[in-house]
Amino acid sequence: MARLIGYLWLSTITFWSLTVNAQDWTAYFGSHYRAEAWGDSIRDPQGAGFFSAEYGAEQLALLAKLGSHKQLVYSPGGLGSGRSEAAVDHYLTHMLLTLGDDWKTQLQANIAKIPTSAAPAYWQFGNEINSRRFSETIAAWDGAPAGGRPRPGRAHDAATVPYYVEYYLAPGVAAIRSSTHSERVKVVLGSLAAAANPRAQAFLDALLNYQVQGLMATSLKGKRVYELVDVIALHYIASANTPQWRSTLDQLHKKWLATGKVAAIWSTEEVGLQRATRNEGAAAGLMVVARTMDWWLSKGMPPEQGRAFLWGADKGHKGTTAAEAMQALYDTIGKSHWQVLSQPAPLSGDNLEVYGFALQPSGRQLWFAMPADQRRGARVAVSSSLSNSLNTVVAAYRYSPQGEQRGLPNTGFELAPGSALWLLLEAKK
1 MARLIGYLWL STITFWSLTV NAQDWTAYFG SHYRAEAWGD SIRDPQGAGF FSAEYGAEQL
61 ALLAKLGSHK QLVYSPGGLG SGRSEAAVDH YLTHMLLTLG DDWKTQLQAN IAKIPTSAAP
121 AYWQFGNEIN SRRFSETIAA WDGAPAGGRP RPGRAHDAAT VPYYVEYYLA PGVAAIRSST
181 HSERVKVVLG SLAAAANPRA QAFLDALLNY QVQGLMATSL KGKRVYELVD VIALHYIASA
241 NTPQWRSTLD QLHKKWLATG KVAAIWSTEE VGLQRATRNE GAAAGLMVVA RTMDWWLSKG
301 MPPEQGRAFL WGADKGHKGT TAAEAMQALY DTIGKSHWQV LSQPAPLSGD NLEVYGFALQ
361 PSGRQLWFAM PADQRRGARV AVSSSLSNSL NTVVAAYRYS PQGEQRGLPN TGFELAPGSA
421 LWLLLEAKK
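Numbering (the numbering used here), first residue to last: 1 to 429.
Put into structure tokens, the structure is as follows:
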């Protein structure tokens with residue numbers, strides 16, 4: 001459940017931590033399309049689909065440049081987002097006619113070309129594969145049964161699972177595993193849209209437990225999908241305006257990660273264009289950072305197991321973008337290690353969600369606060385430990401759809417809907 005904090009006092013007692021993060025916080029975060037200082041990973045360098053064909057000189061140069069210091073995640077092509085009916089028809093028909101041999105050969109050629117100096121690359125097989133559009137285009141290709149009508153498309157459609165696995169994921173994994181350089185590629189499951197939705201979770205269970213029939217991957221016949229992938233990919237779970245985000249992640253952790261069936265649970269898209277174009281990107285980005293770091297560290301998860309990528313980070317009016325909020329945070333705290341702080345917190349109020357971290361090696365305290373229900377605002381109370389100068393406010397940034405504000409009032413203030421703040425404190429000697 002979301003952490004709804006009542007009125008709590010920040011005192012001079014020693015804080016204790018739940019879990020120590022032995023790696024820089026930036027290792028847990030990634031950007032889309034281009035490198036950012038605040039993220040050590042990049043999804044789809046230089047744009048979606050950039051790596052979807054056989055690699056040429058441009059792609060290989062980028063791999064060599066970025067792969068030595070950034071973790072790269074991109075699509076191997078194929079079904080992708082499944083949004084174009086013509087593209088889906090072409091791909092599935094070609095796969096059926098060739099049993100996937102041409103595509104598997106292309107994947108193996110690309111694996112062989114990955115520079116040996118680059119870190120292992122992550123290939124994400126599909127994007128939002130539980131979307132209504134993905135279901136519609138596959139149903140259109142499949143056609144109508146004799147004397148019937150075509151199957152209607154719908155979100156979280158389990159009927160698409162055999163097509164996704166037999167025509168796309170399984171032959172792709174077979175190509176990777178039969179390559180002499182298979183260690184260069186890790187497999188990311190096609191991402192799950194609206195991941196906190198119970199129907200999305202039911203779709204994920206059906207997909208991960210699906211048993212491969214081996215239509216185009218005879219070597220994998222009988223395997224379950226969870227045996228083929230390294231990473232479960234989610235979309236918009238930490239930035240979802242729902243308290244179920246944490247219980248959903250807890251269930252996934254218990255069922256798939258703690259049992260060793262998968263190696264990682266990532267969110268390959270957070271924030272999103274809808275939030276960004278409402279000028280709520282900064283608030284959404286800070287919410288993602290606070291929630292995910294608290295969850296990952298509380299579970300003792302290293303960055304390899306937990307990672308979040310901010311999509312649409314540069315969209316929105318000046319002073320409201322996720323990229324600006326992330327860069328301001330990075331410019332202030334740099335590459336620090338975080339520990340989850342216990343209560344009490346320096347800020348409190350109804351409908352307020354608060355997270356605190358101790359930064360190492362500085363020992364400073366980093367606090368995040370935002371309305372728990374982003375559709376409503378929150379009246380924030382400032383504890384006496386700030387107003388009576390027991391602690392020094394090193395930096396304070398507040399973000400709302402109206403822009404960025406710096407500094408923290410000594411008394412109560414309002415956090416409007418779609419707002420968030422971060423606060424850096426240093427205890428006075």
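The beta carbon of each residue, even a glycine, is placed where N, CA and C say it ideally should be.
Looking only at DSSP bridge pairs, what is residue i linked to?
i: Glu36; result: Gly39
i: Val393; result: Leu425
i: Val73; result: Arg43, Tyr122
i: Gly30; result: Ser41, Phe309
i: Phe413; result: Val380
i: Val231; result: Val188, Ala264
Which residues in the same chain as residue i place their Cβ atom closer than 8 Å to its Cβ, once the five residues preceding and following it in sequence are excluded?
i: Gly6; result: Residue placement at Gly6 cannot be trusted, given a pLDDT of 31 that sits under 50; what the coordinates show is reported in the next sentence. Hits under 8 Å: Ser348.
i: Val271; result: Ser239, Gly281, Ala284, Gly285, Val288, Leu310, Trp311, Gly312, Ala313, Ala322
i: Trp256; result: Leu208, Tyr226, Ile232, Val262, Ile265
i: Asp230; result: Tyr122, Lys186, Val187, Val188, Val262, Ala263, Ala264
i: Glu183; result: Pro120
Using only the alpha-carbon positions, how far apart do residue i and residue j sit?
i: Leu423; j: Trp367; result: 5 Å
i: Pro303; j: Gln23; result: 8 Å
i: Ala159; j: Phe203; result: 10 Å
i: Ser336; j: Thr411; result: 30 Å
i: Glu353; j: Gly67; result: 37 Å
i: Gly172; j: Ser179; result: 11 Å
i: Leu234; j: Ala194; result: 8 Å
i: Ala325; j: Tyr399; result: 8 Å
i: Trp266; j: Leu273; result: 19 Å
i: Asn279; j: Gly148; result: 47 Å
i: Asp157; j: Gly319; result: 39 Å
i: Ala358; j: Arg43; result: 29 Å
i: Trp295; j: Tyr355; result: 10 Å
i: Leu92; j: Trp141; result: 8 Å
i: Val187; j: Asn110; result: 14 Å
i: Ala53; j: Asp102; result: 12 Å
i: Trp25; j: Glu128; result: 27 Å
i: Arg376; j: Ser419; result: 10 Å
i: Gly403; j: Gly316; result: 10 Å
i: Lys254; j: Ile176; result: 28 Å
Hey, residue i and residue j: beta-carbon distance below 9 Å or not?
i: Phe51; j: Arg83; result: no
i: Pro371; j: Leu329; result: no
i: Ala351; j: Ala378; result: Here the sequence assigns Asn to residue 351, which means Ala is not the residue at that position. Contact flag set, yes.
i: Tyr28; j: Tyr74; result: no
i: Thr332; j: Val393; result: no
How about residue i: is its C-beta nearer than 9 Å to some C-beta of chain E?
i: Met326; result: Here chain E cannot be found, since the structure has a single protein chain.
Below 6 Å CB to CB, which residues in the same chain sit around residue i once its five sequence neighbours on both sides are set aside?
i: Met216; result: Leu99, Gly100, Pro171
i: Met95; result: Tyr167
i: Ala427; result: Asn391
Which same chain residues, not among the five before or five after residue i, have their C-beta less than 7 Å away from its C-beta?
i: Arg275; result: Ser239, Gly281, Ala284
In chain order, which alpha helix (DSSP H) runs of at least 4 residues are fully inside the region 161-215?
Restricting attention to alpha helix (DSSP H) runs no shorter than 4 residues, the region 161-215 encloses them at 161-164, 170-177, 198-208, ordered along the chain.
If you scan the region 326-399 from start to end, which runs of the beta strand (DSSP E) of 3 or more residues do you find wholly inside it?
Complete beta strand (DSSP E) runs here, min 3: 337-341, 352-360, 365-371, 378-382.
Runs of alpha helix (DSSP H) wholly within the region 249-306 (minimum 4 residues, chain order)
The alpha helix (DSSP H) runs of length 4 or more contained entirely in the region 249-306 are, from start to end of the chain, 272-277, 281-298.
Any chance you could list the alpha helix (DSSP H) runs of at least 4 consecutive residues sitting entirely within the region 90-135, in chain order?
The region 90-135 contains these whole alpha helix (DSSP H) runs: 101-113.
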